[in-house]
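The next block holds one structure in the form of structure tokens; read it before the comments.
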Amino acid sequence: MEVIPEKVYLDDACYLPHHAVFKGNDTGGKIPVIRIHPENLHLQHILWRPDPVAEVRDYRLLIVVYGTTSAPYLALRTLIQLADDEQKAFPLGSTTVRNNSYVDDILAGGHSLESALKTQRQLVALLGAGGFELSKWAANVPELCPDGEASAKLFHDREGVSTLGVLWNPADDCFALRVTPITRVTGSIKRTVLSDVARFFDPLGWASPVLVYGKVFIQKLWMAGNDWDQPLPEQLQSSWTRFAEALPRLNTLNISRLVNFDEHGAVELHGFSDASSCAYAAAVYLRCTDVSGKVSVSLLVAKTKVVPVRQVSVPRLELCGALLVARLLDMTARGLGLSGIPIFAWTDAAVVLAWIRSYPSRWKVFVANRIVKVQSLIPPRNWRYVPSADNPADAATRHFTQ
Numbered sequence: 001m002e003v004i005p006e007k008v009y010l011d012d013a014c015y016l017p018h019h020a021v022f023k024g025n026d027t028g029g030k031i032p033v034i035r036i037h038p039e040n041l042h043l044q045h046i047l048w049r050p051d052p053v054a055e056v057r058d059y060r061l062l063i064v065v066y067g068t069t070s071a072p073y074l075a076l077r078t079l080i081q082l083a084d085d086e087q088k089a090f091p092l093g094s095t096t097v098r099n100n101s102y103v104d105d106i107l108a109g110g111h112s113l114e115s116a117l118k119t120q121r122q123l124v125a126l127l128g129a130g131g132f133e134l135s136k137w138a139a140n141v142p143e144l145c146p147d148g149e150a151s152a153k154l155f156h157d158r159e160g161v162s163t164l165g166v167l168w169n170p171a172d173d174c175f176a177l178r179v180t181p182i183t184r185v186t187g188s189i190k191r192t193v194l195s196d197v198a199r200f201f202d203p204l205g206w207a208s209p210v211l212v213y214g215k216v217f218i219q220k221l222w223m224a225g226n227d228w229d230q231p232l233p234e235q236l237q238s239s240w241t242r243f244a245e246a247l248p249r250l251n252t253l254n255i256s257r258l259v260n261f262d263e264h265g266a267v268e269l270h271g272f273s274d275a276s277s278c279a280y281a282a283a284v285y286l287r288c289t290d291v292s293g294k295v296s297v298s299l300l301v302a303k304t305k306v307v308p309v310r311q312v313s314v315p316r317l318e319l320c321g322a323l324l325v326a327r328l329l330d331m332t333a334r335g336l337g338l339s340g341i342p343i344f345a346w347t348d349a350a351v352v353l354a355w356i357r358s359y360p361s362r363w364k365v366f367v368a369n370r371i372v373k374v375q376s377l378i379p380p381r382n383w384r385y386v387p388s389a390d391n392p393a394d395a396a397t398r399h400f401t402q
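In the UniProt record's numbering, the protein residues as written are 1 to 402.
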């Protein structure tokens, strides 16, 4: 920040029509290193004084500051430009910055400790060339934490590290969910129920078999016609109480972060779908076979949807589930850069398999449109039948049919 020179004052200076507010300086923030182009400095004029008794003067900000609308874009765009500029010198670091940057975090790794260390060194050098300093390291091995005591504390922290809203414990190398207990159970109203369900955060759907019940419950509550502040009917209140009391058990759920991905082995994506009269679901797994023939299967992502209020037949809902898993498989393959590997989709509805393996023009509009979309994502030859008892997606819909 600098005082505006007299020679660059504009003829017409515009300020927002509000009273000035002076805020103390925060010395613990990030060190800003992204400078504004001189031609745009006139857009960042502020009124400021170094102490309460000093005269208020006009200043202009020389760097990108948080709080402006363009700040998130400019920060990420600068990182991408830096990665492009340093591509030849640091190829691994450049690729990592472009593909693994999330807001102000970089989430990356390697198939071995050596490759991870090499990527780390390139990241530090690449970002250092732009004036950025990496900090707050967290890893499942201490060799990747160069910050001494601060990183050691982070590495052994049993509470874990928040990663895109998901809790990761580096010591155990596991992901965990943290569900806030529902405090107001008895005498619940529609307003509090909606607020409680909206707080559930499970971006990868690992707790879908449990949390889908909250989605279905909201639909039932809406169909009951309750006002916002009207107590729940006795039957719905009883169901909500049982759900709320069981919900904290999700805090004991741990999901291994490690996927036994062998770059020299065989890798396949498998997706499963299922539907009931209340919801339909999809789950995607990665199946890896190493050079010794050992097979490992890992859950990657799952998703659930509530069926429409308008009654739809179960076979059509099964087709909606098939479309959901097809989209989920396509998104997962593209997101992980696995588009060239074998992809298989599984359903326990024989009628859906018959639809997918036929010409869409044979069927009515609802079925035909979804068949076209499914076939464009997953070839019909890659669809398989799985018995309901062996279908993992059935876990998210089973309790609605019992």
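Where is the CB? At the ideal position from N, CA and C, for every residue including glycine.
A quick note: this is a predicted structure, and the numbers were derived from the prediction, not measured.
Residues of the same chain with a CB within less than 8 Å of the CB of V33, apart from the 5 flanking positions on each side, are I63, G130, G131 and F132 in chain order. The way I'd put it, the stretch 186-202 doesn't touch the stretch 282-290; fewer than three beta-carbon pairs between them come closer than 8 Å. Where W206 is concerned, there is no enclosing alpha helix (DSSP H), because DSSP gives it neither an H nor an E. For T289, the enclosing beta strand (DSSP E) begins and ends at A279 to T289. Contact check for T304 against S208 passes: the beta carbons are separated by less than 7 Å. If the five residues before and after Q219 are omitted, its C-beta is found closer than 6 Å to the C-beta atoms of V306, all from its own chain and listed in chain order.
Taking the Cα positions, R310 is about 23 Å away from R327. Pairing A349 with E318 gives a Cβ-Cβ distance under 7 Å. Distance from L134 to L144 at the Cβ level is roughly 11 Å; contact not present, criterion being Cβ atoms closer than 8 Å.
By a beta-carbon distance limit of 8 Å, T192 does not contact L107. Their separation comes to about 35 Å. Within the same chain, and ignoring the five residues on either side of S298 in sequence, the residues whose Cβ sits closer than 7 Å to its Cβ are V259, Y285 and L286. Closest option to S361, judged by alpha-carbon separation, among Q120, I371 and A354: I371. In the DSSP assignment, the residues bridged to P231 are I189. The beta carbons of C320 and N254 sit no closer together than 7 Å.
Cα atoms of V3 and R121: separation of roughly 39 Å, rounded to the nearest angstrom.
Annotated three-state conformation of K303 is strand, per DSSP. The Cβ-Cβ distance between Y59 and I46 falls below 7 Å.
By the neighbour-count criterion, in which a residue is buried when 16 or more other Cβ atoms sit within 10 angstroms of its Cβ, V212 is buried.
The shortest C-alpha to C-alpha distance from D274 to any of L323, F243 and T289 is the one to L323. Taking C-alpha positions only, L250 is separated from Q235 by approximately 24 Å. Annotation note: the stretch 43-88 contains the following uninterrupted beta strand (DSSP E) runs of length 3 or greater, listed N- to C-terminal: 45-48 and 57-60. Going by DSSP, G93 is part of no beta strand (DSSP E) but of the alpha helix (DSSP H) stretching over P91 to N100.
In the assembly as shown, N391 is a buried residue. Its beta-carbon has 16 or more other beta-carbons within 10 Å. Remark: C-beta atoms of I343 and L329 approach each other more closely than 7 Å. For F217 against S239, the beta-carbon gap comes to about 7 Å, under 8 Å, which counts as contact.
Taking R334 as reference, the option from L194, L269, Y385 and V312 with the minimal CA-CA separation is L269. Counting the other Cβ atoms within 10 Å of the Cβ of S313 gives fewer than 16, which makes it exposed. Here the C-alpha atom of V367 lies approximately 11 Å from the C-alpha atom of S358.
As DSSP reads the structure, F344 sits in a beta bridge with H270. Per DSSP, the beta-bridge partners of W168 are V161 and F175. Minimum Cα-Cα distance from R199 among the listed residues Q230, V295 and G165 corresponds to G165. If you ignore the 5 residues before and after L82, its C-beta comes within less than 6 Å of the C-beta of G130, all in its own chain and listed in chain order.
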